[in-house]
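Participant: Pasting a structure below so you can have a look.
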Amino acid sequence: MKAPPASRYLENVVVETTPSSASQLEIMTRQEKLSNDPDAGTKEAGSMIKNLVCLGFFLMLGPSLIMVNKYILHDIGFKYPITHTCFTTLFCSVGIWISVHVFGIKLSHAPIVTWRFYIRNIMPIGFFQGATIVPGPA
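Heads up, the sequence shown is in numbering that gives the first Met the number 0, so the first residue is 0 and it goes up one at a time.
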């Protein structure tokens with residue numbers, strides 16, 4: 000079974016590649032892509048609305064999470080911030096695993112994330128994010 004082509008928008012140019020023929024690139028301007036698909040404008044507007052809703056949730060949930068963490072660490076008096084962070088990470092990992100493996104949510108960028116990509120791009124972020132936890136609550 001072939002994976003769907005990956006698309007990447009770069010300002011006004013769309014670069015589409017298929018996993019089997021990564022050397023062959025099809026380049027179209029955004030206007031050409033819109034003119035080829037009569038529903039493309041509606042799809043693009045729907046995608047923009049979805050992105051704005053996700054951004055709104057992010058902007059609301061981020062400060063809420065900070066306030067809940069402050070309540071747990073300072074008001075309740077939980078004196079183990081690294082344990083709290085480990086429980087948070089474990090909860091997120093289990094939630095994502097359940098979403099993918101039980102509910103069947105597809106990860107669109109799964110073919111891109113190889114071990115090399117993970118070690119070079121994701122591990123440094125995790126390392127430095129973890130390094131900020133130790134002096135952060137002090």
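For each residue, glycine too, the CB sits at the ideal point set by N, CA and C. None of the values given here were measured: they were computed from a predicted structure.
What's the gap between the Cα of N50 and the Cα of G125?
Facilitator: As a working note, residue 50 is residue 51 in the sequence shown. As a working note, residue 125 is residue 126 in the sequence shown. N50 and G125: Cα-Cα distance of roughly 25 Å.
Participant: Could you check whether H83 and F211 sit closer than 8 Å to each other, using their CB atoms as the reference points?
Facilitator: Coverage of the chain is limited to positions 0 through 137, which leaves residue 211 absent and any answer about it impossible.
Participant: Roughly how many angstroms lie between the CA atoms of I75 and N68, to the nearest whole one?
Facilitator: In the sequence shown, counting from the first residue as 1, residue 75 sits at position 76. In the sequence shown, counting from the first residue as 1, residue 68 sits at position 69. Cα-Cα distance, rounded: 10 Å.
Participant: If you draw a straight line from the C-alpha of I71 to the C-alpha of F57, how long is it?
Facilitator: Counting from one through the sequence shown, the residue named residue 71 turns up at place 72. Counting from one through the sequence shown, the residue named residue 57 turns up at place 58. So the alpha carbons of these two residues sit roughly 21 Å apart.
Participant: Once DSSP output is grouped into helix, strand and coil, what is the label at H83?
Facilitator: As a working mapping, residue 83 is identified with position 84 in the sequence shown. H83 falls in the helix class under three-state DSSP.
Participant: Report the option in S63, I95 and R119 whose CA atom is closest to the CA atom of L106.
Facilitator: By 1-based counting over the sequence shown, the position of residue 106 is 107. Looking at the Cα atoms, I95 is the closest of the given residues.
Participant: Ordered along the chain, which non-local residues of its own chain (more than five positions away) have a Cβ less than 6 Å from that of Y79?
Facilitator: For the purposes of this step, residue 79 is identified with residue 80 of the sequence shown, where counting begins at 1. So no residue of the chain qualifies.
Participant: Helix, strand or coil for P155 per DSSP?
Facilitator: Past the edges of the chain, shown from 0 to 137, lies residue 155, and the structure says nothing about it.
Participant: Once DSSP output is grouped into helix, strand and coil, what is the label at H100?
Facilitator: Here the question's residue 100 lines up with position 101 in the sequence shown. If DSSP states are grouped into helix, strand and coil, H100 belongs with the helices.
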